[in-house]
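Asks: Heads up: the sequence shown begins at 33 in my numbering, then just goes up one per residue. This is the structure, below, for whatever I ask next.
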Amino acid sequence: YDGHSDLHVGITNSKGVVYNYDQEGVHRAGSGWEQCISIPLVQPDMWELLQHWDNLLEEFSLEEAWLPHRYEEQQHNCFTFALAFVNRVRQGRGREPLSKAQFTESFLLPRTTEASRYLTLHQQLAHNDFYIVPLPEQEQ
């Protein structure tokens, strides 16, 4: 990633299938997201939510709001899809919805900043003839 193009956003179900929205509607992708940044949205102790996550996501993805003709690149896109789902889940738990800015600051920026640092370091190492030697295995 070069930092100059838009990122594509999706939400995974419990089996790792990524639900994502674009001009063709909602897609369910079992592959093609191998180089993504994963951002956990649910705490491991939220069993009741985890039990219903897949059904909530599937039902949400079938709503009219996510039909192809509703897509609009700037205002109704993959980010809107992800944020709307997060807010639907929050609403069901009696919590206030997040604005785009709050969602970005709380969830996206910390992980993308971390990834950016890693990618910058990787690019510097790759372009400056560095060689990384694995540490010798310790005897047990």
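By construction, the Cβ of each residue, glycine as well, lies at the ideal position given by its N, Cα and C atoms.
1. If you count every other CB in all the chains shown that lies within 10 Å of the CB of Ile164, and 16 or more means buried, which is it?
2. Rank Ser93, Arg120 and Ile43 by C-alpha distance to the C-alpha of Trp65 and give the top, closest one.
3. Start and end of the beta strand (DSSP E) containing Asp54?
4. Just confirm the distance between the C-beta atoms of Tyr51 and Leu89, as a whole number of angstroms; I'd bet it's less than 8 angstroms.
5. Using the beta-carbon count (16 or more within 10 Å), is Trp79 buried or exposed?
6. On the DSSP bridge list, what partners appear for Ala61?
7. Count the other CB atoms within 10 Å of the CB of Leu115; is the residue buried (16 or more) or exposed (fewer)?
8. Residues in its own chain within less than 6 angstroms of Gln67 by CB, not counting five upstream and five downstream?
9. List the DSSP bridge partners of Ile43.
Replies: In terms of the structure at hand:
1. Start at 1 with the first residue of the sequence shown, and residue 164 comes out as number 132. With fewer than 16 neighbouring CB atoms inside 10 Å of its own CB, Ile164 falls in the exposed class.
2. In the sequence shown, the residue the question calls residue 65 occupies position 33. The alpha carbon of Trp65 has as its nearest neighbour, out of Ser93, Arg120 and Ile43, the alpha carbon of Ile43.
3. Translated into positions along the sequence shown, residue 54 becomes position 22. Residues Val50 to Asp54.
4. Counting from 1 along the sequence shown, the entry for residue 51 is found at position 19. Counting from 1 along the sequence shown, the entry for residue 89 is found at position 57. Confirmed, about 6 angstroms.
5. Within the sequence shown, the letter at position 47 stands for residue 79. By the neighbour-count criterion, in which 16 or more other beta carbons inside 10 Å mark a residue as buried, Trp79 falls on the exposed side.
6. Residue 61 sits at position 29 when you count from the first residue of the sequence shown. As a beta-bridge residue in DSSP terms, Ala61 pairs with Val50.
7. Translated into the one-based positions of the sequence shown, residue 115 becomes position 83. For Leu115, the number of other beta carbons within 10 angstroms of its own is at least 16, and it is reported as buried.
8. Stepping through the sequence shown from its first residue, residue 67 is reached at position 35. Nothing meets the Cβ criterion.
9. On the sequence shown, residue 43 is found 11 positions in, with the first residue counted as 1. Paired residues: Tyr51.
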